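Residue numbers (our numbering): 559 to 644. A short worksheet on the structure shown next.
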Amino acid sequence: MPSALTVRIVNPEGLHARPCHAIVSLALQYDCSLAVQCGDAAADGRSILSLMTLQACQGSELAFTAEGTDAEELLERLRALVAGGF
559 MPSALTVRIV NPEGLHARPC HAIVSLALQY DCSLAVQCGD AAADGRSILS LMTLQACQGS
619 ELAFTAEGTD AEELLERLRA LVAGGF
């Protein structure tokens, strides 16, 4: 069963290359899939290019959905990553 998390981007520059790299690097440490939704756009949370297509700015909501053995732990670490401004 998938686990979900919704967060708001606090970083003034939004979701640019460095935060995308941080998300992907974190996601690749876990044995699960990661989907990311921002408005009507969807991305693979394990792909930098896919995440960058979201063009999420400060204040945007990201909805993460993880599925796999480590899903809950991954989402908790993502919560901390986003809250810390990436």
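Backbone N, C-alpha and C define an ideal beta-carbon position, used for all residues, glycine too. Owing to the predicted nature of the structure, the values given are computational and were not obtained by experimental measurement.
CB of residue i within 7 Å of CB of residue j, strictly
i: residue 601; j: residue 609; result: yes
i: residue 624; j: residue 561; result: yes
i: residue 592; j: residue 604; result: yes
i: residue 622; j: residue 563; result: yes
i: residue 596; j: residue 620; result: yes
Residue i, buried or exposed, once every other Cβ within 10 Å from all chains shown has been counted against 16
i: residue 568; result: exposed
i: residue 641; result: exposed
i: residue 573; result: buried
i: residue 525; result: Any answer about residue 525 is impossible in this case: the structure gives the chain only from 559 up to 644.
Spatial neighbours of residue i in its chain, beta-carbon cut-off 6 Å, leaving aside the 5 residues before and after
i: residue 630; result: 561
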